[in-house]
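Asker:
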Amino acid sequence: GQLLLCCKRPRGSPLSCSVPKQRSSWREKSIPEDLTRDPGYVGRVEYRNKETWRNEGPSILRITDLREEDSAEYRFTYKTDNFEWGHSLPGTTLSVTGLLVKVIPAGKGQRTLTCSTTCTLTDNHNPIYIWYKNRQPVKKDSSSMYSISSEDADSYSCTVKGREDLSSPAVYKPKRTSVSVSPSGEIVEGSSVTLTCSSDANPPVDKYTWYFQNKTFPNGFGQIYKISNFKSKDNRHYHCEAWNGRGSRNSTALMIILPECPS
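Each position in the sequence shown, counted from 1, maps to that position plus 56 in the working numbering.
Structural data, given as structure tokens:
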């Protein structure tokens, strides 16, 4: 997405313009911060004829690749060699949002997907929604809600009819769940061993469960599980299970065995 802000100026006036973003981090709020010097806007802001400003008509700021963190108050100032104006003018408040699919439990074995946004995307007060399954349209004239089975491993996204150019991020169950161990080399008896569970998921994983020989660990519910004093009794298979609102996915088992000491 992109945003255009237009600021009118007197005809024929040679000006140097900037459109600052209001920030609490300013040393003095009366001093504007030029967007072209803000690292968060590198390559995404453009002032028309910024170097010369010889054109007449409105001065334009273009922001491309809009992000939610761009939501802020924007202000316009201009100055000549001996005059500066605009600090006291009201700013323009920008709110950037997007479509989002929320996952809600709906009875045993069911999930309700809800397509939501905080802004109005069309002039229609009762918009029609389109649902996508694995990026292919699956329901073209729908409401904002869609029911699926909790066992469904497909990915789902949504958009509003008439604004198919705007689509939500897809939601899907955890996938590519795996366990890594540190240190990765030979483990010495009595040493500390750290297990980490990784998974790709949207919504992000909100719960991890650890298993030792297919039995759950006591207090093994974080992404990282640490064994502070590894003994031979800790030999065997480890795996984890990643959960999010869509469902869960087990990792493959990881075998950890202490090397036998020479007699």
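Every residue, glycine too, gets a C-beta built ideally from N, C-alpha and C. In this text, all values refer to a predicted model and were calculated from it rather than measured experimentally.
Near S211, which residues of its chain fall below 6 Å by C-beta distance, leaving aside the five closest residues on each side in sequence?
Answerer: Here residue 211 corresponds to residue number 155 of the sequence shown, with the count starting at 1. Around S211: N190, A226 and Y228.
Asker: If we ignore side chains and look at the alpha-carbon of each, how far apart do N138 and V216 end up?
Answerer: The count along the sequence shown starts at 1 and reaches residue 138 at position 82. The count along the sequence shown starts at 1 and reaches residue 216 at position 160. N138 and V216: Cα-Cα distance of roughly 51 Å.
Asker: Would you identify the three-state DSSP class for D126, choosing helix, strand or coil?
Answerer: Along the sequence shown, one-based indexing puts residue 126 at 70. If DSSP states are grouped into helix, strand and coil, D126 belongs with the helices.
Asker: For C92, which three-state DSSP category applies?
Answerer: The count along the sequence shown starts at 1 and reaches residue 92 at position 36. Sequence check: residue 92 is Thr here, not Cys. Helix.
Asker: From the DSSP secondary-structure annotation, give me the bridge partner or partners of H295.
Answerer: By one-based count along the sequence shown, residue 295 stands at place 239. Note: H295 sits in a beta bridge opposite Y267.
Asker: Pick from S213, S238 and F268: whose alpha carbon is nearest that of T308?
Answerer: Along the sequence shown, one-based indexing puts residue 308 at 252. Of the listed residues, the one whose Cα sits closest to T308 is F268.
Asker: Give a yes or no on contact between the region 233-250 and the region 189-205, applying the rule of three or more CB pairs nearer than 8 Å.
Answerer: Touching, no, given that fewer than three Cβ pairs across the two stretches are closer than 8 Å.
Asker: Rounded to whole angstroms, how far is the Cβ of Q166 from the Cβ of S205, which I believe are closer than 8 Å?
Answerer: As a first step, residue 166 must be located in the sequence shown, where it is residue number 110. As a first step, residue 205 must be located in the sequence shown, where it is residue number 149. Contact holds; Cβ gap of about 6 Å.
Asker: Where does S288 fall in DSSP's three states?
Answerer: If you number the sequence shown from 1, residue 288 lands on position 232. Of the three classes helix, strand and coil, the one that applies to S288 here is helix, per DSSP.
Asker: If we ignore side chains and look at the alpha-carbon of each, how far apart do Y185 and K158 end up?
Answerer: Counting from one through the sequence shown, the residue named residue 185 turns up at place 129. Counting from one through the sequence shown, the residue named residue 158 turns up at place 102. So the two alpha carbons sit approximately 14 Å from each other.
Asker: As a quick exercise: from C171, G163, K289 and F277, pick the residue whose alpha carbon is nearest that of I313.
Answerer: Mapped onto the sequence shown, residue 313 falls at position 257. With distances taken between Cα atoms, I313 lies closest to K289.
Asker: Specify, as a first and last residue, the run of the beta strand (DSSP E) that K19 falls within.
Answerer: No answer is possible for residue 19: the residues shown for the chain start at 57 and end at 319.
Asker: Can you pull the DSSP bridge partners for Q192?
Answerer: In the sequence shown, residue 192 corresponds to position 136, counting from 1. Q192 is bridged to K189.
Asker: Rounded to a whole number of angstroms, what is the C-alpha to C-alpha distance between I283 and T250?
Answerer: Numbered from its first residue, the sequence shown carries residue 283 at position 227. Numbered from its first residue, the sequence shown carries residue 250 at position 194. Each residue's Cα considered, the two are about 6 Å apart.
Asker: Thinking C-alpha only, which one of T168, S151 and T170 is nearest T176?
Answerer: Looking up residue 176 in the sequence shown gives position 120. Minimum Cα distance to T176 is reached at S151.
Asker: Between V98 and S254, what straight-line distance do the alpha-carbon atoms span, to the nearest angstrom?
Answerer: In the sequence shown, counting from the first residue as 1, residue 98 sits at position 42. In the sequence shown, counting from the first residue as 1, residue 254 sits at position 198. If I take the Cα positions, the gap works out to 32 Å.
Asker: Going by CA-CA distance only, name the one from Y130, R100, D179 and I280 that's closest to E297.
Answerer: For the purposes of this step, residue 297 is taken as residue 241 along the sequence shown, with counting starting at 1. Looking at the Cα atoms, I280 is the closest of the given residues.
Asker: Go to K158, then tell me how far its beta strand (DSSP E) extends in each direction, as first and last residue.
Answerer: Taking the first residue of the sequence shown as position 1, residue 158 is located at position 102. Counting along the chain, the beta strand (DSSP E) containing K158 begins and ends at L156 to P161.
Asker: Please classify A209 as buried or exposed, where buried requires at least 16 other C-beta atoms within 10 Å of its C-beta.
Answerer: Counting from 1 along the sequence shown, the entry for residue 209 is found at position 153. It counts as exposed.
Asker: Would you mind stating whether T149 and E129 have Cβ atoms separated by less than 9 Å?
Answerer: Within the sequence shown, residue 149 is the residue found at index 93, counting from 1. Within the sequence shown, residue 129 is the residue found at index 73, counting from 1. Taking 9 Å as the Cβ cut-off, T149 and E129 qualify as a contacting pair.
Asker: What are the boundary residues of the beta strand (DSSP E) that includes N275?
Answerer: Translated into positions along the sequence shown, residue 275 becomes position 219. Counting along the chain, N275 falls outside any beta strand (DSSP E), and DSSP gives it neither H nor E.
Asker: So is P183 buried or exposed if we call it buried at 16+ other beta carbons inside 10 Å?
Answerer: Position 127 of the sequence shown holds residue 183. Answer is buried; the Cβ neighbour count reaches 16.
Asker: Taking a contact to mean a Cβ-Cβ separation below 9 Å, would you say R93 touches Y103 in this structure?
Answerer: In the sequence shown, counting from the first residue as 1, residue 93 sits at position 37. In the sequence shown, counting from the first residue as 1, residue 103 sits at position 47. For R93 and Y103, no; Cβs fall outside 9 Å.
Asker: If I follow the unbroken beta strand (DSSP E) through N258, where does it start and stop?
Answerer: One-based indexing of the sequence shown puts residue 258 at position 202. Run containing N258: V249 to N258, per the beta strand (DSSP E) assignment.
Asker: If I measure Cβ to Cβ from L310 and keep anything under 6 Å in the same chain, skipping five residues before and after, which residues do I get?
Answerer: Looking up residue 310 in the sequence shown gives position 254. Cβ neighbours of L310 beyond the five flanking positions: V235 and Y294.
Asker: Find out if the Cβ-Cβ distance for the pair T170, S200 is shorter than 9 Å.
Answerer: Walking along the sequence shown from the start, residue 170 turns up at place 114. Walking along the sequence shown from the start, residue 200 turns up at place 144. Their beta carbons are under 9 Å apart, which means T170 touches S200 by this criterion.
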